[in-house]
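Residue numbers (the numbering used here): -17 to 237.
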């Protein structure tokens, strides 16, 4: 999203059960290390000018720190997601309680499924990845929810990647950062592009907040490309979240 004037970030603690989260590779997760990384992440959000809105933690929900997937905020509307992974279904409950007090709240209903990680907002365009987690029925419902708004929904078929934001994020100032081979980049013809070098694809998931780009630590080529275009960059260690198929945007909902 373009978070040029963002004020708030919803975050949720890393549960003690995080090492039981749904993931594609069975790498050993150090939960204590993940908690330390999450604390530094939250401090970075605050230093970027955001007020944190905490959702109560729940050790029965191993994936719950990846709060982005539970909801999408578009203007004055909040859309509560229906995630395809059944073990994650209850993650939306506490998030919805908070958002119902703050926004006009809508719900994606079965058989539609959607993860917030598949929704990329760029100004008045909302790109929605069609993935293993998000289906066409969700896009139909999302269009209905937004029919009286100024948002344009743009479906994007993605391949060999978990979420759309794993393959493309928005940096601001009409710049997108992307990794090749996951979707038809012609849909981004109106934007300036930074293409992530080979073997640094994980760095594609960047978080732009109030003029600063937060990115994963350890991807020097990508960092130089972003800085070359005039963006200040802050690196954060997200290694324990990568093991859980997560990245920077996954850990918050920003508006």
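Glycine included, every Cβ here is placed at the ideal spot set by N, Cα and C.
Three or more Cβ pairs closer than 8 Å define a contact, and the segment 98 to 117 meets that threshold against the segment 45 to 62.
Boundaries for residue 220: no beta strand (DSSP E) harbours it, and the DSSP string shows neither H nor E there.
Collapsing the DSSP output to three states places residue 110 in a strand.
Its Cα nearest to that of residue 137, the residue 103 stands out among 130, 103, 203, 35.
Put simply, the segment 117 to 124 does not touch the segment 153 to 165. Fewer than three CB pairs are less than 8 Å apart. With a beta-carbon spacing of about 5 Å, residue 132 and residue 106 fall inside the 8 Å limit used to define contacts. Of the residues 90, 70, 61, 92, the one whose Cα lies closest to the Cα of residue 84 is 61. Of all C-beta pairs linking the segment 11 to 27 to the segment 210 to 226, three or more are shorter than 8 Å, placing the two stretches in contact. In terms of Cβ geometry, residue 200 and residue 145 do not form a close pair [threshold 8 Å]. Proximity to residue 181 across 162, 68, 170 peaks at 162, based on C-alpha coordinates. Between residue 8 and the set 233, 223, 231, the nearest pair of CA atoms involves 223.
In the structure shown, residue 174 adopts extended strand secondary structure according to DSSP, grouped into three states. One Cα belongs to residue 0, the other to residue 11, and the distance between them is close to 8 Å. Per DSSP, residue 201 lies in no alpha helix (DSSP H) segment and is marked neither H nor E. In the same chain as residue -2, and ignoring 5 residues on each side of it, the C-beta atoms closer than 7 Å to its own belong to 13, 41, in chain order. The continuous stretches of alpha helix (DSSP H) do not include residue 134, which lies in the beta strand (DSSP E) extending over residues 134 to 139. Rounded to whole angstroms, the gap between the alpha carbons of residue 33 and residue 74 is 21 Å. The residue from 233, 175, 189, 192 with its alpha-carbon nearest to that of residue 207 is 175. Under DSSP, residue 88 shares a beta bridge with 61. Secondary structure within the segment -16 to 60: the beta strand (DSSP E) runs of 3 or more consecutive residues, fully enclosed, are -10 to -7, 33 to 36, 53 to 56 (chain order).
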